[in-house]
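Novice: Next up is a structure, given as structure tokens.
Number of protein chains: 2
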Amino acid sequence: MTTGKRGSQRPSRRAFIGLAGAAAAGSLHPAARAQTADAIRDLGETPSDYGRPSPFEDSKRWSRAPDATASSSNTPLADLEGIVTPSGLHFERHHTGVPAIDPDTHRLTIHGLVERPLVFTMDDLVRMPSASRFHFIECSGNSAREWSPAGAPNVQMSHGLASCSEWTGVLLADLLDEVGLKAEASWIVAEGADAGLMSRSVPLERALDDVMIAYGQNGEAVRPEQGYPLRLLVPGCEGSISVKWLRRIEVAHMPSMARDETSKYTDLLPDGKARQFTLVMDAKSVITRPSGEQKLDGPGFVEIRGLAWSGRGTISRVEVSTDGGDSWVDAEIEGPRYAKAFTRFRSPWRWDGGRHVLMSRATDDTGYVQPTLAALLETRGRSTIYHNNRIKAWEVHESGEVTNAEA
Amino acid sequence: MTTGKRGSQRPSRRAFIGLAGAAAAGSLHPAARAQTADAIRDLGETPSDYGRPSPFEDSKRWSRAPDATASSSNTPLADLEGIVTPSGLHFERHHTGVPAIDPDTHRLTIHGLVERPLVFTMDDLVRMPSASRFHFIECSGNSAREWSPAGAPNVQMSHGLASCSEWTGVLLADLLDEVGLKAEASWIVAEGADAGLMSRSVPLERALDDVMIAYGQNGEAVRPEQGYPLRLLVPGCEGSISVKWLRRIEVAHMPSMARDETSKYTDLLPDGKARQFTLVMDAKSVITRPSGEQKLDGPGFVEIRGLAWSGRGTISRVEVSTDGGDSWVDAEIEGPRYAKAFTRFRSPWRWDGGRHVLMSRATDDTGYVQPTLAALLETRGRSTIYHNNRIKAWEVHESGEVTNAEA
Numbered sequence: 001m002t003t004g005k006r007g008s009q010r011p012s013r014r015a016f017i018g019l020a021g022a023a024a025a026g027s028l029h030p031a032a033r034a035q036t037a038d039a040i041r042d043l044g045e046t047p048s049d050y051g052r053p054s055p056f057e058d059s060k061r062w063s064r065a066p067d068a069t070a071s072s073s074n075t076p077l078a079d080l081e082g083i084v085t086p087s088g089l090h091f092e093r094h095h096t097g098v099p100a101i102d103p104d105t106h107r108l109t110i111h112g113l114v115e116r117p118l119v120f121t122m123d124d125l126v127r128m129p130s131a132s133r134f135h136f137i138e139c140s141g142n143s144a145r146e147w148s149p150a151g152a153p154n155v156q157m158s159h160g161l162a163s164c165s166e167w168t169g170v171l172l173a174d175l176l177d178e179v180g181l182k183a184e185a186s187w188i189v190a191e192g193a194d195a196g197l198m199s200r201s202v203p204l205e206r207a208l209d210d211v212m213i214a215y216g217q218n219g220e221a222v223r224p225e226q227g228y229p230l231r232l233l234v235p236g237c238e239g240s241i242s243v244k245w246l247r248r249i250e251v252a253h254m255p256s257m258a259r260d261e262t263s264k265y266t267d268l269l270p271d272g273k274a275r276q277f278t279l280v281m282d283a284k285s286v287i288t289r290p291s292g293e294q295k296l297d298g299p300g301f302v303e304i305r306g307l308a309w310s311g312r313g314t315i316s317r318v319e320v321s322t323d324g325g326d327s328w329v330d331a332e333i334e335g336p337r338y339a340k341a342f343t344r345f346r347s348p349w350r351w352d353g354g355r356h357v358l359m360s361r362a363t364d365d366t367g368y369v370q371p372t373l374a375a376l377l378e379t380r381g382r383s384t385i386y387h388n389n390r391i392k393a394w395e396v397h398e399s400g401e402v403t404n405a406e407a
Numbered sequence: 001m002t003t004g005k006r007g008s009q010r011p012s013r014r015a016f017i018g019l020a021g022a023a024a025a026g027s028l029h030p031a032a033r034a035q036t037a038d039a040i041r042d043l044g045e046t047p048s049d050y051g052r053p054s055p056f057e058d059s060k061r062w063s064r065a066p067d068a069t070a071s072s073s074n075t076p077l078a079d080l081e082g083i084v085t086p087s088g089l090h091f092e093r094h095h096t097g098v099p100a101i102d103p104d105t106h107r108l109t110i111h112g113l114v115e116r117p118l119v120f121t122m123d124d125l126v127r128m129p130s131a132s133r134f135h136f137i138e139c140s141g142n143s144a145r146e147w148s149p150a151g152a153p154n155v156q157m158s159h160g161l162a163s164c165s166e167w168t169g170v171l172l173a174d175l176l177d178e179v180g181l182k183a184e185a186s187w188i189v190a191e192g193a194d195a196g197l198m199s200r201s202v203p204l205e206r207a208l209d210d211v212m213i214a215y216g217q218n219g220e221a222v223r224p225e226q227g228y229p230l231r232l233l234v235p236g237c238e239g240s241i242s243v244k245w246l247r248r249i250e251v252a253h254m255p256s257m258a259r260d261e262t263s264k265y266t267d268l269l270p271d272g273k274a275r276q277f278t279l280v281m282d283a284k285s286v287i288t289r290p291s292g293e294q295k296l297d298g299p300g301f302v303e304i305r306g307l308a309w310s311g312r313g314t315i316s317r318v319e320v321s322t323d324g325g326d327s328w329v330d331a332e333i334e335g336p337r338y339a340k341a342f343t344r345f346r347s348p349w350r351w352d353g354g355r356h357v358l359m360s361r362a363t364d365d366t367g368y369v370q371p372t373l374a375a376l377l378e379t380r381g382r383s384t385i386y387h388n389n390r391i392k393a394w395e396v397h398e399s400g401e402v403t404n405a406e407a
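Structure representation (structure tokens):
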């Protein structure tokens with residue numbers, strides 16, 4: 001360790017680093033010399049219209065069984081940094097495939113219990129007052145395998161049905177103000193332009209809060225598999241309610257009890273009753289590095305990193321354990337901490353080469369604390385596959401390999 | 001206009017909207033019916049490994065003359081929303097093309113006036129403490145055509161050498177602390193692994209501030225044309241100093257006076273002297289909508305939107321004029337307002353169908369106010385092509401067409 005004081009912006013971290021891997025410059029690995037020679041020998045590529053990741057990168061979405069009638073793909077969270085999910089890696093979930101919609105002919109109709117039913121073109125919507133906000137979307141079936149202690153082997157499979165983007169659009173409250181709500185209005189029903197006419201009902205109180213009609217995602221147009229050209233975005237709620245390829249909003253006095261809020265997306269309790277409209281995704285976190293199927297190449301400093309989010313507000317605290325939950329330390333949250341958005345946490349750790357079980361535990365600004373699997377099973381039983389926000393554990397082995405830890 | 005009170009989250013805007021375009025639902029355009037029928041008839045596409053924009057979108061980078069020895073491409077700012085530039089549309093500027101670098105063999109060497117020269121692998125760097133921050137990068141030659149009143153015809157050509165990403169990496173201060181600075185250290189010299197060995201010098205005081213060695217961009221790995229796998233990121237400063245494909249940092253007691261900080265990137269003044277190391281990009285803003293070569297399809301409400309940024313800190317105020325600078329109103333800044341990052345501003349406007357000249361003017365938290373072209377010419381003369389942050393004007397014609405306004 002050096003003891004230089006210049007640049008000690010973050011002195012608390014100094015003791016942890018210590019350079020397990022970095023080599024003295026005199027011992028430059030032959031591969032480094034080879035690379036240097038290769039890269040500087042030739043002129044490189046010219047500019048391109050629309051860039052792509054390096055061919056050396058193989059981050060991709062993972063799909064269990066690609067099928068147009070009921071399919072999904074998971075975000076490779078272990079590969080990602082920061083809070084933005086690149087749009088090309090945003091998880092997918094569609095019930096009848098991704099329709100190809102021409103924005104010039106697409107229309108949004110708002111009708112029902114309104115004073116003045118209206119039809120909006122994309123141009124109409126883009127001229128209106130807009131907002132841009134970072135929000136996560138999480139499928140209510142994310143972490144379905146985590147209802148069992150033998151959870152998924154990697155974080156893409158265990159937590160990859162969650163992603164975060166900067167969304168831009170019109171606030172639904174502004175549109176509802178334009179059409180004028182009738183006194184008996186209390187729900188809206190949103191319908192997509194996919195083959196299944198995916199429909200979900202949203203309580204009016206929520207629809208008038210921070211719900212957005214989104215046409216922008218991470219700067220550019222919403223991606224096809226995220227609802228191009230128009231998506232209902234219901235921040236903090238289960239993903240299926242953020243209806244994609246949005247074509248129609250009916251203002252009603254009750255929910256429509258549509259196929260996808262009765263046959264799916266309800267939570268069967270031990271007594272046989274089902275919870276319905278359990279929309280909000282509770283506070284959750286997961287360590288993305290080191291995580292399952294990664295391998296540490298030797299003892300020494302490792303920054304533990306992960307993501308936390310809550311459908312109820314902001315993340316106020318994330319704790320990390322390296323001993324299976326016997327002791328916890330507060331993780332550092334540097335950078336953005338938006339409501340209903342991914343929040344990145346970091347915690348310094350010196351791996352001693354021994355066996356360790358890593359866990360993270362999030363608390364949101366309502367005071368809610370992420371539960372253990374045991375606590376979740378106690379209240380919800382074993383009959384639901386939705387809304388699993390248990391604490392996830394990874395086991396670091398002496399070999400450096402990381403696996404799912406039964407917990 | 002309706003007068004519904006429910007959902008009046010933003011009452012100050014109500015008077016402005018009024019639905020110039022939206023049609024009553026009874027008058028649904030035939031095209032909307034056609035689209036609806038098409039989209040819901042067939043099952044859509046299945047999930048994909050890595051998504052792409054809709055084929056109906058044609059946002060792309062624009063390159064004046066693609067050439068591996070001196071080329072650039074511009075971001076289509078008029079098409080973008082929010083503050084994130086999609087990585088595929090981030091502007092490019094490279095002097096000898098984009099090298100293809102294998103991250104497994106890439107090394108970063110830090111040497112010179114240090115106690116312990118070191119060579120880092122990518123794994124070494126990723127294990128270290130990290131930070132994720134939103135920062136713009138702007139080429140010092142951005143808006144070069146704006147030194148003339150007859151500026152560029154659209155915002156992609158006038159301002160498109162600026163983009164903003166969420167960057168993740170190691171703080172250079174942490175690395176310099178590891179190698180240990182000698183007392184006489186006062187500059188660093190960064191070198192890229194492209195064919196031209198692009199080199200720039202950075203004052204040590206700045207290097208120890210918020211400079212980052214970035215390996216992440218908008219969640220995933222830095223894109224090839226942005227320096228994959230490693231880029232020096234010097235927030236707020238002209239883009240060329242954020243050396244891409246970073247392979248070597250030499251700690252020195254003076255700048256290297258490298259080719260690209262002597263033959264280029266200096267500002268020739270009227271008296272024949274040249275300003276050198278004019279690194280910081282001053283406060284700047286531009287209206288992206290409505291902007292040159294767009295067309296308004298009729299009078300009525302239009303939200304004026306644009307971007308503002310400052311290399312010295314945060315944007316504290318943006319003013320908008322719709323009468324060529326005779327009067328100004330404060331624009332709304334909703335959402336992220338990071339230091340040295342794009343900041344999105346919005347201003348409601350009801351276009352009366354007449355001729356209007358639109359302008360925006362940014363102020364940063366140092367109190368600096370974006371200047372007119374006349375003021376800039378007075379201090380800098382007509383011999384430089386760099387660091388142009390003049391107020392830009394767009395003219396809305398009675399036809400709805402928008403052009404560059406000489407100002």
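Going down the list, the sequences are from chains A and B. Mapping the first sequence onto the numbering used here, position 214 (from 1) lands on 214, and the numbers just tick up by one. Mapping the second sequence onto the numbering used here, position 272 (from 1) lands on 272, and the numbers just tick up by one. Positions of the beta carbon are idealized from the N, C-alpha and C atoms, including for glycine.
1. Helix, strand or coil for A:Ser-383? Go by DSSP, reduced to three states.
2. Could you pull out every residue in the same chain whose Cβ sits closer than 7 Å to the Cβ of A:Pro-149, ignoring the five residues on either side in sequence?
3. Assign B:Gly-88 to one of three DSSP states: helix, strand, or coil.
4. Do you know offhand how far A:Gly-353's Cα is from A:Leu-208's?
5. Give every residue of the same chain whose Cβ lies closer than 7 Å to the Cβ of B:Val-155, excluding the five residues on either side of it in the sequence, and list them in chain order.
6. Taking beta-carbon pairs under 7 Å, can you tell me which members of the region 103-128 of chain A lie near chain B?
7. Which partner residues does B:Val-280 have in the DSSP bridge list?
8. Return no unless some Cβ of chain A is closer than 8 Å to the Cβ of B:Gly-325.
9. So with CB distances below 9 Å, who are the chain A contacts of B:Val-356?
10. Counting only Cβ-Cβ distances shorter than 8 Å, please list the residues of the region 78-101 of chain A near chain B, keeping chain order.
11. Quick one: what does DSSP say B:Gln-370 is sitting in, helix, strand or coil?
12. How many Å lie between B:Ser-143 and A:Phe-56 at the Cα?
13. Give me the subset of the region 344-375 of chain B whose CB atoms are less than 8 Å from a CB atom of chain A, sorted by chain position.
14. Quick one: complete beta strand (DSSP E) runs, 3+ long, within the region 166-228 of chain A?
15. Could you give the C-beta distance for B:Arg-61 and A:Ser-48, rounded to a whole number, given that I count them as a contact under 8 Å?
16. Give the interface partners of B:Asn-218 over in chain A, defined as CB-CB distance under 8 Å, in chain order.
17. In its own chain, which residues sit with a C-beta less than 6 Å from the C-beta of B:Ala-34, not counting the 5 before and 5 after it?
18. Sorted by chain position, which residues of the same chain lie with C-beta nearer than 7 Å to B:His-111's C-beta, five sequence neighbours on each side aside?
19. Tell me the rounded alpha-carbon separation between B:Trp-167 and B:Gly-239.
20. So, under 8 Å CB-CB, B:Phe-91 and B:Ser-163 are touching, yes? Tell me the CB distance rounded to an integer number of Å.
21. Can you tell me the Cβ-Cβ gap for B:Lys-227 and B:Leu-246, rounded? I've got them flagged as a contact below 8 Å.
22. If you measure from the beta carbon of A:Tyr-228 to each beta carbon in chain B, is any gap under 8 Å?
23. How many angstroms separate the CA atom of A:Tyr-50 from the CA atom of A:His-253?
24. Can you give the Cα-Cα distance for A:Ser-71 and A:Val-243, rounded to whole angstroms?
25. Have a look at B:Arg-223, B:Trp-147, B:Arg-248 and B:Glu-178 and flag the residue whose alpha-carbon is nearest the alpha-carbon of B:Ala-193.
26. Kindly give me the distance between the Cβ atoms of A:Asp-282 and A:Asn-389, rounded to whole angstroms, as I take these residues to be in contact under 8 Å.
27. Using the beta-carbon of each residue, which ones in chain B are nearer than 9 Å to A:Phe-301?
28. Roughly how many angstroms separate the alpha carbons of B:Ile-315 and B:Asp-364, rounded to a whole number?
29. Compute the Euclidean distance between the alpha carbons of B:Ala-20 and A:Leu-175, then round it to the nearest angstrom.
30. Of all Cβ atoms in chain B, is any one closer than 8 Å to the Cβ of A:Ala-308?
31. By a C-beta neighbour count over all protein chains shown, 10 Å radius and 16 as the cutoff for buried, is B:His-94 buried or exposed?
32. Quick one: grab the DSSP three-state call for A:Ile-101.
33. Note down, in chain order, every chain B residue with its Cβ under 8 Å from the Cβ of A:Thr-69.
34. Contact criterion: CB-CB distance below 8 Å. Does B:Thr-46 meet it with respect to chain A?
35. Using the Cα positions of A:Ile-391 and A:Leu-358, report the straight-line distance between them to the nearest angstrom.
36. When the Cα atoms are used, what is the spatial distance from A:Trp-394 to A:Phe-301?
Specialist: Well, looking at it:
1. coil
2. Leu-373, Glu-406 and Ala-407
3. helix
4. 53 Å
5. Leu-77, Ala-78, Val-286, Thr-288, Ser-291 and Gly-292.
6. So the list reads Pro-103, Thr-105, His-106, Arg-107, Thr-109, His-111, Glu-115, Arg-116, Pro-117, Leu-118, Val-119, Phe-120, Thr-121, Asp-123, Asp-124, Arg-127 and Met-128, given in the order they occur along the chain.
7. B:Cys-237
8. no
9. The sequence as given places His at residue 356 of chain B; Val does not occur at that position. Under the 9 Å cutoff, chain A gives no residues; its nearest Cβ is about 15 Å from B:His-356.
10. Asp-79, Leu-80, Glu-81, Gly-82, Ile-83, Val-84, Thr-85, Pro-86, Ser-87, Gly-88, Leu-89, His-90, Glu-92, His-94, Thr-96, Gly-97, Val-98, Pro-99, Ala-100 and Ile-101
11. coil
12. 34 Å
13. Arg-344, Arg-346 and Pro-348
14. 187-192, 199-203 and 212-217
15. About 7 Å separates the beta carbons of B:Arg-61 and A:Ser-48, which is inside the 8 Å limit, making them a contact pair.
16. Result: Gly-82, Val-84, Pro-86 and Asn-218.
17. Only weak support exists for where B:Ala-34 lies, its pLDDT of 47 falling under 50; the value from the coordinates is given anyway. Excluding residues within five positions, none has a Cβ falling inside 6 Å.
18. Pro-117 and Glu-250
19. The C-alpha of B:Gly-239 is placed about 14 Å away from the C-alpha of B:Trp-167.
20. 5 Å
21. Rather than Lys, the amino acid found at residue 227 of chain B in this sequence is Gly. The pair is a contact, with the Cβ atoms about 7 Å apart (cut-off 8 Å).
22. yes
23. 46 Å
24. 16 Å
25. Answer by Cα proximity: B:Arg-248.
26. 5 Å
27. Arg-127, Met-128 and Pro-129
28. 4 Å
29. Because B:Ala-20 carries a pLDDT of 48, less than 50, the predicted location of this residue cannot be relied on, and the following value inherits that uncertainty. Rounded to whole angstroms, B:Ala-20 to A:Leu-175 spans 13 Å at the Cα level.
30. no
31. buried
32. Judged by DSSP in its simplified three-state form, A:Ile-101 adopts coil rather than helix or strand.
33. Leu-43
34. yes
35. 10 Å
36. Straight-line measurement puts the Cα of A:Phe-301 at about 18 Å from the Cα of A:Trp-394.
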